[in-house]
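Per the numbering used here, residue 10 is the first one in the sequence shown, and the count goes up by one each step.
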Amino acid sequence: MKAVGIVVEYNPFHNGHLYHLQETKKKTGADCVIAVMSGNFLQRGEPALVSKWARTSMAISAGVDLVIELPYTFAVQSAERFATGAVALLDALYCAELCFGSENGEIEPFLQAVQTIKRQQSRYNQSIQQALKDGMSYPQAVTYACRQLEMKEIDLAQPNNILGFSYVKAIIEQKSAMVPQTIQRIASGYHDEVFSHPWIASATSLRKALNGAIEALEHISPYIPFSTKKALEKYYAVYGTFHRWEPYFPFLKYRIMTSEESDLQSIVGVDEGIEYRLKQAITEAETFEQFLHSVKTKRYTWTRLQRMCVHILTHFKKEQMNGIKSPSYIRLLGMSDNGRLYLQMIKKRLSLPLVTTVSRLQKDVIYQQEKKAVAAYTAIFSETTRIQALKEEYATPPVHFSSCK
């Protein structure tokens, strides 16, 4: 069996994701599709709309064969570290290819861009550092550095292009045998907040329309598979909400107000004295959005600040992250019958332990942080519901296709 890997968040799974999944199968001719998926908190520093289990159900119902969790220590990170963890897991599962969506749509420019930067790595790094000193955000600094190299292969100002570039770079650096492929993103842009296409909308616009409530579900129905709609309805019926940042703000506020500046400085992402801005802004902010507007600078993008806030919420320290270079386990969240067959074929050759229940991970340093993320994610629930959600994290077996119907 030939396996292809994809890196996803499915927040939520929508028709654009279904298009990417179907085109990936066509382009690669793979027998098995393996998705590495972020867990409770996402790459942009946001709580997932619904739990990892609900999103796994969406994925398996739509045709993904295996869903593997990307650990928090790699998921809530910049594109480079995010890609490092995802590529390592897909490579460990013997994927022949990795297929990502991009604004560019052709793989050759990504390969050329990686080689261009590799040849001029020192100049590239110096340009980025100079741009950061001049007050640019990191994405702006990357764009500036690419212009300095006269790199015309690809526009790295585009979010999916940045991730795609990072996947290709990680494949090369890890000496993986995986072959990178890309599918062009169609219709809506990554950050689009309005519905401008009859059947495809960005996840950002779908989350904005829902705004934490169930009433708008009918409004977004044309843009999501029926299985996604059912999974969202089921989750809301049990937990009474869709997750967004505002309900977590009181917990973040408590963390910041009861921490010394030196304590905040030890948290991942808290750099360059921004802890003083955090302490100053938190006392007057009434909402999470207001707080971020108060702290935001040219250097600190909204996404970078959100990731920082998640790390404060989960108490993720720099010394912890610095000790983690690559994933230490493969956590299986869901599978189809086809995925189960593939696992049976490769399980004796796996270089990382395949985990279906987390009892064996209690001493694993990566999973220690995962437990904090679970505790933070479930903190907004009532006590009874929170206990139920925690039990789900520790006792839920991998989702199987038949249980998604």
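No residue lacks a Cβ here, since even glycine has one placed at the ideal position from N, Cα and C.
For the beta strand (DSSP E) holding V73, just list the boundary residues, first then last. Locating residue 73 in the sequence shown gives position 64, where the first residue counts as 1. Counting along the chain, no beta strand (DSSP E) covers V73, and no H or E run does either.
Is the CB-CB distance between F83 and P336 below 8 Å? Working through the sequence shown from its first residue, we reach residue 83 at position 74. Working through the sequence shown from its first residue, we reach residue 336 at position 327. Result yes, Cβ atoms of F83 and P336 sit closer than 8 Å.
Tell me which residues share the same chain as I355 and place their Cβ nearer than 8 Å to its Cβ, disregarding the 5 neighbours each side in the sequence. One-based indexing of the sequence shown puts residue 355 at position 346. Closer than 8 Å at Cβ, skipping near neighbours: L102 and Y103.
Pairwise C-alpha distance: K35 and C413: As a position in the sequence shown, residue 413 is number 404, starting the count at 1. As a position in the sequence shown, residue 35 is number 26, starting the count at 1. Since pLDDT at C413 reaches only 46, below the 50 mark, its modelled position is unreliable, and the value read off the structure follows with that caveat. Whole-angstrom Cα-Cα distance: 24 Å.
So, for G198: in the same chain, excluding its five sequence neighbours on each side, which residues have a beta-carbon less than 6 Å away from its beta-carbon? Locating residue 198 in the sequence shown gives position 189, counting from the first residue. Low confidence applies to G198: its pLDDT is 48, below 50, so where it sits in the model is not reliable, and the reading given next is rough at best. Result list for G198: empty, nothing under 6 Å.
Kindly give me the distance between the Cβ atoms of R286 and E78, rounded to whole angstroms, as I take these residues to be in contact under 8 Å. Here residue 286 refers to the residue found at position 277 of the sequence shown. Here residue 78 refers to the residue found at position 69 of the sequence shown. The Cβ separation is near 33 Å, so there is no contact.
Coil, strand or helix - G94 by DSSP: Position 85 of the sequence shown, counted from the first residue, corresponds to residue 94. Residue state, collapsed to three classes: helix.
Which stretch, first to last residue, makes up the beta strand (DSSP E) that contains V319? Here residue 319 refers to the residue found at position 310 of the sequence shown. Where V319 is concerned, there is no enclosing beta strand (DSSP E), although the alpha helix (DSSP H) it sits in stretches over W311 to T323.
Rounded Cβ spacing between G348 and V408 (contact assumed at less than 8 Å): Position 339 of the sequence shown, counting from 1, holds the residue named residue 348. Position 399 of the sequence shown, counting from 1, holds the residue named residue 408. Actually they are not in contact, since the Cβ atoms of G348 and V408 sit about 11 Å apart, beyond 8 Å.
Rounded Cβ spacing between V13 and Y244 (contact assumed at less than 8 Å): Sequence index remark: in the sequence shown, residue 13 carries index 4 (1-based). Sequence index remark: in the sequence shown, residue 244 carries index 235 (1-based). For a cut-off of 8 Å, the C-beta gap from V13 to Y244 is around 28 Å, too long to register as a contact.
Spatially closest choice to H29 from T125, V73, G54 and E293, by CA coordinates: In the sequence shown, the residue the question calls residue 29 occupies position 20. Among T125, V73, G54 and E293, the Cα nearest to that of H29 is on V73.
If you draw a straight line from the C-alpha of S391 to the C-alpha of H302, how long is it? For the purposes of this step, residue 391 is taken as the residue at position 382 of the sequence shown. For the purposes of this step, residue 302 is taken as the residue at position 293 of the sequence shown. Roughly 29 Å separates the two Cα atoms.
Between which two residues does the alpha helix (DSSP H) containing V123 stretch? Sequence index remark: in the sequence shown, residue 123 carries index 114 (1-based). Run containing V123: E117 to R128, per the alpha helix (DSSP H) assignment.
Rounded to the nearest angstrom, what separates H228 and I209 at their Cα positions? On the sequence shown, position 219 is the one that residue 228 refers to. On the sequence shown, position 200 is the one that residue 209 refers to. Each residue's alpha carbon lies about 13 Å from the other.
Report the CB separation of A154 from A140 in whole angstroms; it is logged as a contact under 8 Å. To locate residue 154, count along the sequence shown from 1; it is residue 145. To locate residue 140, count along the sequence shown from 1; it is residue 131. About 7 Å separates the Cβ atoms of A154 and A140, confirming a contact at the 8 Å cut-off.
Helix, strand or coil for I43 per DSSP? Along the sequence shown, one-based indexing puts residue 43 at 34. Strand at I43.
CA-to-CA distance, T365 to R264, given in whole angstroms: Here residue 264 is taken as the residue at index 255 of the sequence shown, counted from 1. Here residue 365 is taken as the residue at index 356 of the sequence shown, counted from 1. In a straight line, the C-alpha of R264 is about 33 Å away from that of T365.
Nearest residue (CA-CA) to N331, options Y309, V374 and Q289: Residue numbering aside, residue 331 sits at position 322 when the sequence shown is read from its first letter. Of the candidates Y309, V374 and Q289, the one whose C-alpha sits nearest the C-alpha of N331 is V374.
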